[in-house]
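In the numbering used here, the protein residues as written are -5 to 58.
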């Protein structure tokens, strides 16, 4: 069992029983490199440009 696995908790007379409902296969992070691409804008992007909370704050301040 790994991160993201779903388990079912069953109450039985002698205690609790845990059963894996859906197991999640592990993935190699190196194999996912390059799957998400951001369009090049000609200028380097800052980390905050990828943060959803900072994007919401910018839109509330009227910034693009």
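By construction, the Cβ of each residue, glycine as well, lies at the ideal position given by its N, Cα and C atoms. It should be emphasised that the depicted structure is a prediction, and the values quoted were computed from it without experimental measurement.
For this session: For residue 12, I'd like the list of residues in its chain whose CB is within less than 7 Å of its CB, leaving aside the five on either flank, ordered along the chain.
Result: In the chain shown, residue 12 corresponds to position 18, counting from 1. The answer, listed in chain order, is 1, 3.
Problem set entry | Whole-angstrom distance between residue 20 and residue 8, CA atom to CA atom | Taking the first residue of the chain shown as 1, we reach residue 8 at position 14. Taking the first residue of the chain shown as 1, we reach residue 20 at position 26. Those two C-alpha atoms are separated by around 33 Å.
Exercise. According to DSSP, is residue 25 helix, strand or coil?
Worked result: Here residue 25 refers to the residue found at position 31 of the chain shown. Residue 25: helix per DSSP, three-state reduction.
Problem set entry | Length at least 3, wholly inside the stretch -5 to 51: the beta strand (DSSP E) runs in chain order | 0 to 6, 9 to 16, all fully within the stretch -5 to 51.
Problem set entry | Rounded straight-line distance, which links the Cα of residue -2 to that of residue 14 | Looking up residue 14 in the chain shown gives position 20. Looking up residue -2 in the chain shown gives position 4. The alpha-carbon atoms of residue 14 and residue -2 are separated by roughly 11 Å.
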